[in-house]
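Taking it in order: structure first as structure tokens, then the write-up.
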Amino acid sequence: MAKRKPFAVLCLIVAIVILLFLLFGFRAGAESYRTVLSDLDNCLTEAEEAAISAKLDEVSQKVGINIGIVITAELLNSNGHHISHEVYSENFCNENFGEYSDSIVLLLFNSHDKPEYEYAQDDMYMYGKADELYYERSQKIWDRIYDAVLSHNVKSDLPSEPNVYKDYSSASYYVGCMNFCKALEKYGDPGSAFWIGVQEFILEHIGMLFIGLIIGVIVAAVIFTNTKRSYSKKAPISAAQYIDKNRKNIVGSEDRFIREYTTSHRIDTSSSSGGRSGGGGHSGGGGGHHSGGHHR
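Sequential numbering of the sequence shown, starting at 3, is according to the numbering used here.
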């Protein structure tokens, strides 16, 4: 056993080195994901753009996808022709991140009420890993974005520019984009995806769960009460009922001796010279475990 200990220690060290290589070696050589913020309609200040870009970089590397945000008032292709919002966001993704890449693009379209864009709207294009992470939660992400983008009273931690689009300030766009980043960060964490789903289920069905809990308590109380009553009706059983009164008692006795001896003595007579012997008794010794937004 003593000879096996150095070998076991060596195996443990090799296993730890391999584990560290898998955790950090591959990560060090992993693909660096890209981000793009394109404010083509001048809806953000320079300070707001810098803050959003920094947040995009942080979330992109943490989640492991490319992220793009584009704010525009024109939906044109490379030839200057009008295209749909779906085609525009997809083209933006392919041009900046490449086709079939793990990417998501948020398009905030300022229509300016132009007749050629009557049916255009905001859009969110996602592909690959981004689609797997966010498609089912796209409506919740839109809700977070529009809580700011469609609000006139947004509180921002940076100075904003008023009336950048209609009567909306730059703060609406800034907070909306930051909410988009925070939503991607929240829903893009694989470790917490299960518990987020559990929390969402509880919040969406809290009324039914509460009713079910009450019914369960009532049923349990009824069963307990009936069970208790059924036990209380039975009289206790005395140990005397298990005694067989017709049994026979067999009593035995024996005598045990632990010594064996013989005595003899000589009797003298006057008439003869012969002898006589007397014997004593004897006995043996005893022992025992893809989604669309609103038209704005």
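Beta carbons: idealized from backbone N, C-alpha and C, even for Gly.
Beta-carbon spacing of residue i, residue j below 8 angstroms
i	j	result
Lys57	Met180	yes
Val61	Phe94	no
Leu42	Ser172	no
Ser1	Tyr137	The shown model of the chain, from 3 to 298, leaves out residue 1, and the question about it has no answer.
Leu109	Asp124	yes
Met69	Leu186	According to the sequence as given, residue 69 is Ile; it is not Met. A contact, by the Cβ cut-off of 8 angstroms.
Ser293	Ser140	yes
Glu50	Leu135	no
Phe182	Ile213	no
Separation of residue j from residue i, as counted between CA atoms
i	j	result
Glu120	His84	12 angstroms
Tyr129	Tyr102	7 angstroms
Lys230	Ile220	15 angstroms
Ala52	Ser162	13 angstroms
Tyr189	Phe226	44 angstroms
Glu1	Ser34	There is no way to answer for residue 1, as the model of the chain reaches only from 3 to 298.
Lys157	Pro164	13 angstroms
Asn307	Asp191	Residue 307 lies beyond the residue range present for the chain, which begins at 3 and ends at 298; the question has no answer from this structure.
Phe111	Ile67	23 angstroms
Lys116	Arg298	12 angstroms
Asp149	Val166	18 angstroms
Asp169	Gly82	29 angstroms
Gly100	Lys142	27 angstroms
Ile208	Lys131	31 angstroms
Val89	Asn98	14 angstroms
Asp59	Gly295	24 angstroms
Ser105	Ile54	17 angstroms
Met210	Ile217	11 angstroms
Asn228	Ala222	10 angstroms
Tyr155	Ser174	Residue identity check: residue 155 is Asn in the sequence provided, not Tyr. Approximately 8 angstroms between the Cα atoms of the pair.
Ser153	Thr37	26 angstroms
Ser80	Val107	18 angstroms
Paired residues, beta bridge with residue i - DSSP
i	result
Asn79	In DSSP, Asn79 forms no bridge with anything.
Gly294	Asp125
Thr37	Ile69
His154	None; His154 has no bridge partner.
Val107	Gly70 and Tyr127
Tyr167	Tyr170
His84	Leu78
Selected residue, minimal CA-CA separation from residue i, among the options
i	options	result
Leu39	Arg139, Tyr176 and Asp149	Tyr176
Ala122	Tyr148, Asp191 and Glu76	Glu76
Lys184	Glu97, Asp145 and Asn44	Asp145
Glu118	Glu50, Asn96 and Leu78	Leu78
Val151	Gly178, Asp159, Leu135 and Leu160	Gly178
His114	Asn228, Val107, Thr74 and Thr37	Thr74
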